[in-house]
Each structure stands twice: as structure tokens, then as C-alpha cells.
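Protein chains in written order, with the working numbering: chain A, 1 to 284; chain B, 285 to 387.
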């Protein structure tokens, strides 16, 4: 399984395809917005001055040529079970021999009150926890494109849904949802969430969902070692968990496309070798 | 692991040995991933702690009463009182360590 559709994830996918391994590539169908939004890239070998949009188009073409498809689901859990990994998305569970983590850099700082109220009104997956908010009031802080769908889903259950957009949204929002164009400052309450404080307004709510592009690596993979927010890897791109590799911005600086791609390649080749060894061991 | 309804829940958590309750639901995919791990821990800690699970769709009142707002959540009870809670999917050793404190 490859998690992430930036240069690291894509390069890993290409190499696994060449090695004829079965894999799934999870990520945003429109690739990492860190690629598409770059106006001009001057240090990509062989493609001087290319724009992010053009580079993304080339990446897409390359994937098509190799018949690689991106699965547009967010993986929320990767659990090391010893000899394999158990994964969960919003709609299904899967198993994998190896996992390559390429989720990009996790740069969102915790909102004050977020950690304190986690599981006591603060959640990261509105569609997962919505049934617990029947007849209640919920605020959704949406940093992802899918946030709108989550808000629409919750409004069938909750009595009131506020939507605080963390980025511009284009998808249609249910008319029952109240859009609040403001910036979250703090989550407060006693024992459980009671208020979401914004710059200009305070919302009385029972729950706050923070829907971010990336999940903190240590919450995504229980037991994964990190250092200063980055996933710890060795030169083979292996993490502290056997069979689990990481590549790209999630492993540290510099945050550059070519470094990410190179690491993705290294991770893929080592993951492929790991799979072969596993198979061999089981055959014996 | 035993599925607890309200009366079984109240009876179990009131005991002197710690009780670990796994709040879950059928539609919660991380819960499906976590369940076999909790099951394994329950087997290993058999005799030291009680383990049970509560389906939050069937026992919605319990989920609300105990303020469970995100699943999976493990709540550790002792003598009828909540002593600790672990929200989300956790490392096995972390769960064992948390429960061990109350054994």
C-alpha cells in the first residue's frame, strides 16, 4: 500500500509497477496541491522552469502510461499486526504486507483545547462519528475538499451544523449548513466540548470536527517513531516498524520534489525486496 | 469478548478488578482494525481484568452518558468509576500498560 500522491508516492508506485507488485496507491486524484500550485520549478532535473501545473500533467500522463490509478480514499489507520498491516479508510478495511507512507509534511499545529477534548467532542472524521451527534450541534472546520461532503452528511443527523471553511470550497453545500467565515482560535468546555471560539464569534457546540489534509503520523500508525514531527527512517527508508517505509516530506527536510521522488524510489525497491523475502520465508 | 448491554455493563464495571470497555460500531472501520488487538489483549490479561464491548448503536444511552464522542474508545473502569480512557486506535503495549496500572 502506498499512502500519498505527491512525488514520493507516485515514484514509489512506478517502481512497484515495474517490479510487478500488487499495490494500491491512495491519495488525492488531483495529486498533491504542493505540486499543482507551484508557479515555477527551477531545480527539477531535465525540466528547467516547468510550472507546477505542467509537472503535475506530466506526472498524470506517466501514471496513465503505466496504468496506475489513484484510489481517492483517505487512509485513517495503519495498524502493525506483526507480519502484516491492517488498514482502515472511511468505508473499508484492508490488509497489506508492506506500507509506504508518503503523506507529506504534517504542519498543522494543534488548536488549543484540541488534545484535551479529543474523544470528548473533538474528532477527525465526521462521517465516522456523526451518529454520536444525533440531535446535537456540530462545527466542522474543513481544510480538505471532502469536508463539504462530510458537513452535508452530518447535517442529516445533527440538529445544527456550522461549517468553518479552512480553504475555498467549490462543491455544493447543503442549505441547512451555516457557513461561518472565520478563524478557529480555541476549543473550550468543562469535561467535554461546549464552545468553539473563533476570532469574531463564539459557537456553542457539542462537537468540533477538524478535517485536515494529513493526519499526524503517530496517530495514523500507532507505534511509529517520529522525531520533531518527522517520521524516523534509516537509509533504506524503513521506519522502526518492519515492513513500513516512509518517503518524502514526512521524513524531514529539505522539502524538495526530487528528494521526495528519490526516497519514494528507494522505499519502493526496499519494500519490493521485503515482500520477496516474506514470500520466500513463507514458502519454506 | 462479551457484548455488554446496559445491565451487564453496569454490573461488570462495578467490580473491583478493572474493566476495559471497547465502545465500537459496525460502520466504524478503525474499530474493525482495532478489535482483534483488543481481543488479543483480553486473552492475555484474562483473570486480571474484565473486557467487554459496547455497540454504540444498540446502547446509545451508554455512549452519551459516558461522553463517548469518537470511536474506537477504550474506557477503563474500576469500582464503577472511570479511571482512564484511550481514544482512537492505540499501540498494544500502551493499552496493556494503561490497564496494568489498575490491576
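Built from N, CA and C at the ideal position, the CB exists for glycine as well.
Helix, strand or coil for residue i, going by three-state DSSP, please let me know.
i, result
"residue 92 of chain A", "coil"
"residue 238 of chain A", "strand"
"residue 294 of chain B", "helix"
"residue 303 of chain B", "strand"
"residue 251 of chain A", "helix"
"residue 117 of chain A", "coil"
"residue 20 of chain A", "coil"
"residue 8 of chain A", "helix"
"residue 44 of chain A", "coil"
"residue 376 of chain B", "helix"
"residue 173 of chain A", "coil"
"residue 348 of chain B", "helix"
"residue 14 of chain A", "helix"
"residue 214 of chain A", "coil"
"residue 386 of chain B", "coil"
"residue 358 of chain B", "strand"
"residue 309 of chain B", "coil"
"residue 139 of chain A", "strand"
"residue 59 of chain A", "helix"
"residue 188 of chain A", "strand"
"residue 336 of chain B", "strand"
From residue i to residue j, what does the alpha carbon distance come to, in whole angstroms?
i, j, result
"residue 184 of chain A", "residue 255 of chain A", "28 Å"
"residue 376 of chain B", "residue 105 of chain A", "26 Å"
"residue 311 of chain B", "residue 24 of chain A", "22 Å"
"residue 62 of chain A", "residue 10 of chain A", "9 Å"
"residue 281 of chain A", "residue 39 of chain A", "49 Å"
"residue 200 of chain A", "residue 93 of chain A", "41 Å"
"residue 271 of chain A", "residue 366 of chain B", "43 Å"
"residue 245 of chain A", "residue 98 of chain A", "8 Å"
"residue 257 of chain A", "residue 309 of chain B", "41 Å"
"residue 175 of chain A", "residue 156 of chain A", "11 Å"
"residue 348 of chain B", "residue 269 of chain A", "48 Å"
"residue 302 of chain B", "residue 117 of chain A", "24 Å"
"residue 378 of chain B", "residue 331 of chain B", "19 Å"
"residue 359 of chain B", "residue 307 of chain B", "8 Å"
"residue 337 of chain B", "residue 305 of chain B", "5 Å"
"residue 198 of chain A", "residue 355 of chain B", "26 Å"
"residue 324 of chain B", "residue 241 of chain A", "20 Å"
"residue 51 of chain A", "residue 34 of chain A", "12 Å"
"residue 195 of chain A", "residue 158 of chain A", "16 Å"
"residue 180 of chain A", "residue 133 of chain A", "20 Å"
"residue 233 of chain A", "residue 27 of chain A", "21 Å"
"residue 12 of chain A", "residue 125 of chain A", "28 Å"
"residue 228 of chain A", "residue 295 of chain B", "45 Å"
"residue 386 of chain B", "residue 120 of chain A", "22 Å"
"residue 333 of chain B", "residue 326 of chain B", "8 Å"
"residue 140 of chain A", "residue 114 of chain A", "13 Å"
"residue 215 of chain A", "residue 188 of chain A", "22 Å"
"residue 161 of chain A", "residue 191 of chain A", "22 Å"
What residue range is occupied by the uninterrupted beta strand (DSSP E) comprising residue i?
i, result
"residue 365 of chain B", "365-371"
"residue 246 of chain A", "244-246"
"residue 31 of chain A", "No beta strand (DSSP E) contains residue 31 of chain A, which DSSP labels as neither H nor E."
"residue 342 of chain B", "No beta strand (DSSP E) contains residue 342 of chain B, which DSSP labels as neither H nor E."
"residue 163 of chain A", "160-165"
"residue 204 of chain A", "202-204"
"residue 68 of chain A", "It is not in any beta strand (DSSP E) - residue 68 of chain A carries neither H nor E in the DSSP assignment."
"residue 50 of chain A", "Run containing residue 50 of chain A: none; DSSP gives neither H nor E here."
"residue 99 of chain A", "99-101"
What are the start and end residues of the alpha helix (DSSP H) that includes residue i?
i, result
"residue 129 of chain A", "126-129"
"residue 257 of chain A", "257-283"
"residue 148 of chain A", "147-154"
"residue 78 of chain A", "Careful: residue 78 of chain A lies outside any alpha helix (DSSP H), inside the beta strand (DSSP E) at 77-80."
"residue 325 of chain B", "313-328"
"residue 220 of chain A", "217-220"
"residue 196 of chain A", "Segment 195-198 is the beta strand (DSSP E) holding residue 196 of chain A; no alpha helix (DSSP H) there."
Taking only heavy atoms of the ligand FAD into account, decide whether any of them is closer than 6 Å to the Cβ of residue i.
i, result
"residue 286 of chain B", "The ligand content of the structure shown is nil, which means the ligand FAD is not present either."
Practice item. Quick one: which residues of the stretch 291-319 of chain B get their C-beta closer than 9 Å to a C-beta of chain A? List them in chain order. Key: For the stretch 291-319 of chain B, which is checked against every Cβ of chain A, the residues closer than 9 Å are 309, 311, 312, 313, 314, 315, 316, 317 and 318.
Practice item. Closer than 9 Å, Cβ to Cβ, to anything on chain A: give me those residues from the stretch 342-364 of chain B, in chain order. Key: Against chain A - using a Cβ distance shorter than 9 Å - the residues of the stretch 342-364 of chain B are 344, 347, 348, 351, 352, 353, 354, 355 and 357.
**Study point:** Members of the stretch 363-379 of chain B that neighbour chain A once the beta carbon cut-off is set at 9 Å
**Key:** Listed in sequence order: 369, 370, 371, 372, 373, 374, 375, 376, 377 and 378.
**Study point:** the stretch 265-284 of chain A contacting the stretch 116-131 of chain A, beta-carbon criterion three pairs below 8 Å
**Key:** Contact between the stretch 265-284 of chain A and the stretch 116-131 of chain A is absent, because fewer than three Cβ pairs lie under 8 Å.
Review point. Looking at C-beta atoms only, is the number of pairs between the stretch 307-324 of chain B and the stretch 86-93 of chain A that lie closer than 8 Å three or more?
Key: Yes, they touch.
Check your understanding: Are the stretch 221-241 of chain A and the stretch 151-171 of chain A touching, with three or more C-beta to C-beta distances below 8 Å?
Key -> Too few Cβ pairs lie closer than 8 Å, so no.
Practice item. Count the CB pairs spanning the stretch 96-105 of chain A and the stretch 262-272 of chain A that are closer than 8 Å, and state whether there are at least three. Key: With the cut-off at 8 Å, the stretch 96-105 of chain A and the stretch 262-272 of chain A touch.
Check your understanding: In chain order, what residues of the stretch 86-114 of chain A put their CB closer than 9 Å to some CB of chain B?
Key -> Those residues of the stretch 86-114 of chain A that come within reach of chain B (Cβ to Cβ, closer than 9 Å) are 86, 87, 88, 89, 90, 91, 92 and 93.
Point to revise | Residues, ordered as in the chain, of the stretch 211-228 of chain A that lie near chain B by beta-carbon distance below 7 Å | key: Cβ contacts with chain B: 219, 222 and 223.
Exercise for review: Using a Cβ-Cβ cut-off of less than 7 Å, list which residues of the stretch 119-151 of chain A approach chain B; keep chain order.
Suggested key: For the stretch 119-151 of chain A, residues whose beta-carbon sits nearer than 7 Å to a beta-carbon of chain B comprise 119, 120, 121, 123, 128, 129, 131 and 132.
Exercise for review: Check distances from the C-beta atoms of the stretch 181-214 of chain A to those of chain B and list, in chain order, the residues that come in under 9 Å.
Suggested key: Hits within the stretch, in order: 191, 192, 193, 206 and 207.
**Study point:** Members of the stretch 54-84 of chain A that neighbour chain B once the beta carbon cut-off is set at 7 Å
**Key:** Residues 76, 77 and 79.
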